[in-house]
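Enquirer: Pasting a structure below so you can have a look.
In my numbering, the protein residues as written are 20 to 275.
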């Protein structure tokens, strides 16, 4: 029997998983105070006419396409891809057959926060777990970030341009991380930037999508519940026209 593992964080007011300027807002309208909304469709309806005087439950959301567990499209990283030969696709142009594929987990949670994972470290980790990477495998990174803890956006490792291109060169088109970003946290990169002023280090994993297009999941959770491989991964994005990202319900399926 298959086991389903939820790898998605909720969109919530209560747990901070974004910078203040990007935090989502959920407004809850409950059964007790919505009967008037129903009455708009049925003139003359009174609250007492409804069973137990209850209306419906509805929520209004103010949020970015990058709140919650979401998938970035190549359009998010740059206007072009394939080394400038093609326009970068938006999330509504994403190929659906890429989003239900075998998954493999790379655990870098033992490394310090802010570390930029190299191609050599990626290759060594595949050798360590004994897995031969195949085209279109979905690669998930356990970064060391822990959703629900203080300073979440400053936690975890990132994958740099070198490591990202190593994966896409081998046919990987979908990746994911349980950190706030595929790249190292900005707070750590800013310290390196202050030291060397090298613009190549800024958002370098994302910008690797200029060379080869790939889709990138951020703010996963519960990756420790997964084996290194031997599971299917489902991550279909919500279809938002011309958008740079779309929310997903990330689910791993283990077993037959």
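For glycine and all other residues, C-beta sits at the position ideal for the given N, C-alpha and C.
Is any beta-carbon of chain C found at less than 7 Å from that of residue 266?
Expert: Here there is only one protein chain, and chain C is not present.
Enquirer: Indicate the three-state DSSP secondary structure (helix, strand or coil) for residue 124 in the structure shown.
Expert: strand
Enquirer: Between which two residues does the alpha helix (DSSP H) carrying residue 95 extend?
Expert: 93-96
Enquirer: Between the segment 38-56 and the segment 78-87, can you find at least three pairs of beta-carbon atoms closer than 8 Å?
Expert: yes
Enquirer: What is the rounded straight-line gap between the Cα of residue 224 and the Cα of residue 274?
Expert: 32 Å
Enquirer: Across the segment 204-220 and the segment 50-69, are there enough close Cβ pairs to call them in contact, namely three or more that are closer than 8 Å?
Expert: Touching, no.
Enquirer: When the Cα atoms are used, what is the spatial distance from residue 196 to residue 95?
Expert: One C-alpha to the other measures close to 16 Å.
Enquirer: Residues in the same chain with beta-carbon distance under 6 Å from residue 261, minus the five sequence neighbours each way, listed in chain order, please.
Expert: Cβ neighbours of residue 261 beyond the five flanking positions: 109.
Enquirer: Is there contact between the segment 126-135 and the segment 164-182, where contact requires at least three CB pairs shorter than 8 Å?
Expert: yes
Enquirer: Contact defined as beta carbons within less than 8 Å: I believe residue 128 pairs with residue 163. What is the distance between those atoms, to the nearest angstrom?
Expert: About 4 Å; that satisfies the 8 Å criterion.
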